[in-house]
Each structure stands twice: as structure tokens, then as C-alpha cells.
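Here is the structure we will look at, set down as C-alpha cells.
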Amino acid sequence: MLSVVRTVANYFLAVETKEGVGAVVRRSIGTGYQRNFSPFLLLDHFTVSHPAGFPDHPHHGQETITYMQKGMLAHEDFTGSKGILYPGDLQFMTAGKGAMHAEMPVLMENGDACVGLQLWVDLPEELKDVAPRYRDLKKNDVPIAHPNDNLWVKVISGTSYGVESVKELAYTPVDYYQFNSNKKGTSFEQKVPADFNVFIYVTKGAIKIGGKTYPQYSSIFFNVDGTEIKGEIDADGDTEFFIIGGLILDQPILQYGPFVEINRDRLAKVFENYQNHTNGFERAAGWRSSIKNGITEKEAANHK
Ligand code: FE2
Numbered sequence: 293m294l295s296v297v298r299t300v301a302n303y304f305l306a307v308e309t310k311e312g313v314g315a316v317v318r319r320s321i322g323t324g325y326q327r328n329f330s331p332f333l334l335l336d337h338f339t340v341s342h343p344a345g346f347p348d349h350p351h352h353g354q355e356t357i358t359y360m361q362k363g364m365l366a367h368e369d370f371t372g373s374k375g376i377l378y379p380g381d382l383q384f385m386t387a388g389k390g391a392m393h394a395e396m397p398v399l400m401e402n403g404d405a406c407v408g409l410q411l412w413v414d415l416p417e418e419l420k421d422v423a424p425r426y427r428d429l430k431k432n433d434v435p436i437a438h439p440n441d442n443l444w445v446k447v448i449s450g451t452s453y454g455v456e457s458v459k460e461l462a463y464t465p466v467d468y469y470q471f472n473s474n475k476k477g478t479s480f481e482q483k484v485p486a487d488f489n490v491f492i493y494v495t496k497g498a499i500k501i502g503g504k505t506y507p508q509y510s511s512i513f514f515n516v517d518g519t520e521i522k523g524e525i526d527a528d529g530d531t532e533f534f535i536i537g538g539l540i541l542d543q544p545i546l547q548y549g550p551f552v553e554i555n556r557d558r559l560a561k562v563f564e565n566y567q568n569h570t571n572g573f574e575r576a577a578g579w580r581s582s583i584k585n586g587i588t589e590k591e592a593a594n595h596k
């Protein structure tokens, strides 16, 4: 069967936004240029250094996928679950009916900032109120496809060039690939399910799709008009970009900060639960994370 190549629907450069406490993020999804892209609610490309970070805050009705590229990120939630993400590691967090946690960069002895991507994924209506859950995906559990001398694909979730990822990381089906190349003109392709929304985010270098060049920080959103993404590398030196897709959910998105619901009444109810420490937020009463003011590399060794 012939596969049809998807065309580009929307494109812009991710813009810098202030977020959390003293953190600056480059945001693509979740801005006026692309409010959301079902099932995706937000994509932040963050660079954060101690003492900035994302201290104690709640979530409801979505999943977050955090990918560390550089530095170390400590996390801790109100169930007592805690850990450290090292470069190349991912965490899939299902907030479900209610989660409260802190995500703080580790103060690195070598001075490195904490760099990574955080993606927010909507939960299907019937799963909005599931119990919170965490899945860690360690760097060494991410297989790498190497289809030719100049192309590498980290298969975080999905299948690329015949290489398959670990399965069932998130409730909402998501494909997540990191492409790296060191040579201009290298072509790439990625099969995508017909019922997925798919976008690309360029972290380094540039790529060309349909004759047009997309530089660093490009956010490229595709029409749902095919089952393949095709392009080529368009920069000398290193290029790195992400192809991310997710099952389109046929439901409204009502979002207020980290609370995501399908209608106003349910959203109001979530606020009530958060304020009254009920229905999923019981453990938020009086909870403070141990990392809200930061964490050193020494302390991180025991943060588990
Ligand atoms: Fe969070």
C-alpha cells in the first residue's frame, strides 16, 4: 500500500515564557499560536538552574511526559514517591484525579543547567479520574534505530525503522521519537497512525519539509492527511528534532493551568476538590515537598 505524506498545517518558532519560580521555558503548544493540539495541551522546552524550578503544584486530568536532556531533575509527590531523572531518562506521570508534586533542578557541581522537554497529554474522558501513576523510562531502555551512517532515532515510544519501544507508558496512545543527524541532505521518514495528530519540534540545526526550511525552535504541526512524515536535514553540523504524535481525542478541552477537564462544571469541581482536599487531593492537606527550595547533587544521591 502506498503511504501518503502529511502536509504542514501550522508553523511558528517557540517563544520564551516565564514559568514556575524563576524558570524560563520555550513554549510551543499552549501558546496563542497553537492553543492545543489534541491530545497535546502543552510543550515546554525548559532550561532551568537552581534555585529556579517548579516547586509544589497540582495537576488533574492529564499526563505529563518529562524528558531530560542535560543536568538532573528531582521530583517528589504527595504520595511519597520521589526520584531523580538523569540525562536521557523520561518520566511518564498520570495525574488522573489529582496529583501534587515538585520538579526541581539539581544544583550541579559542574554548573550545568537542567535542560529538557515537558509534554502535557490530555486524558480521555473516562480516564480523567484514574489514580495517579508513574512510569520511569531509563536512558538504557530506549532503543536506538540507526538506518544509515548519518541518522539515529531514539525510539522513546512507537516504532521507527523497524525498531520498537517499550510499551504502555501512557494511557493516551503517544508516539515519541528523537531524531539526530550530522549531515545536511540526509533524508528521514516516519510512519504515523492515520488517527494521530503529529508535530515536530526542532531543538538543534534545521530540517526541510516540502521544500521549506525550518530552523531551530521550529514547531511544525501537520494536517491529518496521511500516514507518513518525510523530510531532510538542512543544516551543517548537528541537527536534532522530535517527531511526536498522539491519538486525537474527540472531547472538549477545558483547561485552567494544570487542571484539565471536559466542561466547566467538572473543572469547577476540581477546584473545589483541590481547595477542600477532597476526591484525590486528600493528601495535599499540609503537604510540603522536601525539595521545594532546591536540592544539591549530594542530597540527590539519597533522593529515592
Ligand atoms: Fe508538574
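Take the sequence shown: its letters are residues 293 to 596, numbered as in the working numbering. Built from N, CA and C at the ideal position, the CB exists for glycine as well. All values reported here derive from a predicted model rather than from experimental measurement.
>> On the CB-based measure, 16 or more other CB atoms within 10 Å of its CB, does H393 come out buried or exposed?
In response: buried
> Is it right to say I436 is buried, meaning 16 or more other beta carbons lie within 10 angstroms of its own, or is it exposed?
Replying inline: exposed
> Any idea what DSSP makes of V562, helix, strand or coil?
Replying inline: V562 sits in a helix when the DSSP states are folded into three classes.
> Hey, how far is the Cα of N472 from the Cα of V297?
Replying inline: Using only the alpha carbons, I get a separation of about 21 Å.
> Between P507 and the rest of its own chain, which residues show a CB-CB distance below 6 Å, the 5 nearest in sequence each way excluded?
Replying inline: A498
>> By alpha-carbon positions, which one of L335, W444, G408 ends up nearest to G324?
In response: The candidate whose alpha carbon is nearest that of G324 is L335.
>> Just to confirm, is the Cβ distance from N571 to K389 under 8 Å?
In response: yes
> What's the call for T251, buried or exposed, on a 16-neighbour Cβ count within 10 Å?
Replying inline: Since the displayed the chain opens at 293 and closes at 596, residue 251 lies outside it and no answer follows.
>> Going by beta-carbon coordinates alone, are S449 and D421 separated by less than 8 Å?
In response: It is not a contact, given that the beta carbons lie outside the stated cut-off.
>> Between T519 and K483, how many whole angstroms is the CB-CB distance? I'm expecting something under 8 Å.
In response: 6 Å
> Quick one: does the C-beta of F534 sit closer than 7 Å to a heavy atom of the ligand FE2?
Replying inline: no
> If you draw a straight line from the alpha carbon of V398 to that of F338, how long is it in whole angstroms?
Replying inline: Roughly 14 Å between the two C-alpha positions.
>> For a test of your reading of the model: does the CB of F338 fall under 7 Å from any non-hydrogen atom of the ligand FE2? Yes or no.
In response: no
>> Can you tell me where the beta strand (DSSP E) holding A394 begins and where it ends?
In response: 391-399
>> Once DSSP output is grouped into helix, strand and coil, what is the label at Q326?
In response: strand
> Under the DSSP definition of a beta bridge, which residues are partnered with A437?
Replying inline: V445
> Does the distance from the CB of G537 to the CB of V300 come in under 8 Å?
Replying inline: no
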